[in-house]
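Chains A and B are the protein sequences, given in the same order. Sequential numbering from 1 applies to the first sequence in this note's numbering. Sequential numbering from 1001 applies to the second sequence in this note's numbering. Backbone N, C-alpha and C fix where the C-beta goes; we use that ideal spot for every residue, glycine too. Have a look at the structure below, then the notes.
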Amino acid sequence: AQSVTQPDIHITVSEGASLELRCNYSYGATPYLFWYVQSPGQGLQLLLKYFSGDTLVQGIKGFEAEFKRSQSSFNLRKPSVHWSDAAEYFCAVVHGGNAGKSTFGDGTTLTVKP
Amino acid sequence: NAGVTQTPKFQVLKTGQSMTLQCAQDMNHNSMYWYRQDPGMGLRLIYYSASEGTTDKGEVPNGYNVSRLNKREFSLRLESAAPSQTSVYFCASSYDRSYEQYFGPGTRLTVT
């Protein structure tokens, strides 16, 4: 069965520091991978996605993620965190087929210290 | 272009009452989804619809029914609400092949 693991439930970083959020997946075929962000009281917004090609993908708000097939990972990074990045972050893998049904990780909550 | 809209935003029900959560999208997407979000559990898929006229069960379908009324609208019905259905419900939609999903703002449901 497909699964997504986000090992860190909660991460705290100082403003201006770098950030890496971890995501590991279990999926039999070539995965379609996503990172979404959810601000308090809001729906989810797509940050970036990986389908194929270059394993380093750029997203919105200065985020990037690297797909590593050998490690079954798709970690999210940002070189310098801003206070507005405080939110919950979800990694997701798509099962494929016409519906594009996704499995989401349990999320990582990011707190940014001033 | 409103994207994905959901009504209502908040709802309180008593155990045993019924209600329908409405969802509509104006992006001409084929696929639509209903999720529930509970603390520490991420998003769990309740039902999805790959195209107009089709629906399929997701991970947690018990206690729910859905209707894909047309291409734009996908409703979620609770026939007899239970406290375990207290949650935040999100509707989402996507194109067939790009697979990125667009989410509505959510409905916060409390069942007492």
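### Nonlocal neighbours in the same chain, by C-beta distance under 8 Å from isoleucine 11/A, ignoring five residues either side
Leu19, Leu21, Thr108, Thr109, Leu110, Thr111
| Three or more beta-carbon pairs under 8 Å between the stretch 1062 to 1072 of chain B and the stretch 1026 to 1040 of chain B, yes or no? | yes
Kindly list, in the order they appear in chain A, the residues whose Cβ is closer than 9 Å to that of phenylalanine 1090/B.
Gly43, Leu44
- Message: Going by DSSP in three states, lysine 61/A sits in which element: helix, strand or coil?
- Response: helix
Exercise for review: Give every residue of the same chain whose Cβ lies closer than 8 Å to the Cβ of glutamate 15/A, excluding the five residues on either side of it in the sequence, and list them in chain order.
Suggested key: Val81, His82, Trp83, Val112, Lys113, Pro114
Which ranges would you report for the beta strand (DSSP E) in the stretch 28 to 58 of chain A if only whole runs of at least 3 residues count?
32 to 38, 44 to 50, 56 to 58
Item to check | Distance CB(glutamine 58/A)-CB(leucine 48/A) smaller than 8 Å | outcome: yes
Checklist entry - Hey, does glutamate 1100/B have any beta-carbon neighbour from chain A nearer than 8 Å? => result yes
Between glycine 105/A and tyrosine 36/A, what straight-line distance do the alpha-carbon atoms span, to the nearest angstrom?
10 Å
Give me the Cα-Cα distance between threonine 1005/B and leucine 1021/B, rounded to the nearest whole angstrom.
11 Å
| said: Tell me which residues of the stretch 1 to 18 of chain A have at least one Cβ-Cβ distance to chain B shorter than 9 Å, keeping chain order. | reply: Val4, Gln6, Ile9
request  = Within its chain, find whatever has a CB closer than 7 Å to the CB of glutamate 1087/B; leave out the 5 residues flanking it on each side and keep chain order.
outcome  = Note that residue 1087/B is serine in the sequence shown here, rather than glutamate. Excluding residues within five positions, the ones whose Cβ falls inside 7 Å are Arg1036, Gln1037, Asp1038, Leu1109.
Self-check item: Residue range of the unbroken beta strand (DSSP E) whose run includes isoleucine 11/A
Solution: 10 to 14
* Can you tell me the Cα-Cα spacing of proline 79/A and serine 1049/B, whole angstroms? -> 39 Å
*If we ignore side chains and look at the alpha-carbon of each, how far apart do alanine 29/A and tyrosine 1095/B end up?*
20 Å
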